[in-house]
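Read through the structure below, which is laid out as structure tokens, and then see the notes.
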Amino acid sequence: MVAEAWIVRMGSQVANVLSKSVHLHRSLTDSEISKLKNEILKSEGVRNLVSTDESYLLELALAEKLDDLNRVANVVSRLGKKCVEPALQGFEHVYGDIVDGVIDVRELGFLVKDMEGMVKKMERYVNATSNLYCELEVLNELEQSTKKFRQNQHEESRRVFEQKFIWQKQDVRHLKEISLWNQTYDKVVELLARTVCTIYARISAVFGESVLQKKGLGAVEGFCSSPPMKDECREVFRKYWWLPWFTKGFRATETGC
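Residue numbers (UniProt numbering): 1 to 257.
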């Protein structure tokens, strides 16, 4: 299997961060933001216990969204260090440049255009991978039971368990095909990296770039901006860094950066 080695070790962690990304994206839809601004922030409880200043309340909401995203980005950065692609290995620097305002996230060509479609794909991966783990346990139990019945003289019981074992293997095979099991590690991390940047762009659009940069709300601890580049090299990097044909051959010395 393509992903057997990495998914056994890290599948649950990756599925968890996929799930968190989906939840964060859902919280930033037009309907949820409208509910936040027109209902939650104007509720008596919030006004009495927190503040009546809507600008301040929006800053608090923004800070919470950024904190959630930064936690996801932190995991993606750690996952990226184990990737083959250099661009994914250095995702922490790209994300650091974005939140520091060095890179305008809207200029990046790798943002997910159909985020809703991507989210549905991520949800399928999460659900299928979760089901796969459960069915693998059932498969293991059936395998052990089948071995026991092979030593049993009861022919009919043995055949029943063998048939169940065959059906279970078919179910597991199908789940492997549609889950993270059938994806390469780099492909999954790339999906996460693109999602993180797309969500950041959505946060910027919802709350406004000026609010995002106010009082350093865009800054994030734990991420390092990339070293200075020549302007022309930075433009090339911004536009093409995620493409395999670019990153495989990318070397600072070769480009003169």
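Don't be surprised by glycine CBs; every beta carbon is placed ideally from N, CA and C.
Since the structure is predicted, the reported quantities are computational estimates derived from the model, not experimental observations.
In this structure, DSSP gives Thr198 a helical state, which the three-state scheme calls helix. Pairing Val17 with Val75 gives a Cβ-Cβ distance under 8 Å. The alpha carbon of Val206 has as its nearest neighbour, out of Val22, Ser19, Lys35, Gly11, the alpha carbon of Lys35.
Annotated three-state conformation of Lys187 is helix, per DSSP. Comparing alpha carbon positions, the residue from Leu191, Asn182, Tyr200 closest to Val8 is Asn182. Measuring C-alpha to C-alpha distances from Val172 to each of Lys65, Val189, Ser130 identifies Ser130 as the nearest.
Taking Leu69 as reference, the option from His25, Leu175, Asp186, Leu191 with the minimal CA-CA separation is His25. For His93, the uninterrupted alpha helix (DSSP H) segment begins and ends at 91-99. Only buried fits Val99, as 16 or more other CB atoms lie within 10 angstroms of its CB. With contacts defined as CB atoms closer than 8 Å, Leu175 and Glu135 qualify as a contacting pair.
Contact between Lys164 and Leu142 holds, since their C-beta atoms are separated by about 6 Å, short of 8 Å. The three-state secondary structure of Val112, taken from DSSP, is coil.
If you look at Arg158, you'll find it in the alpha helix (DSSP H) that goes 155-178.
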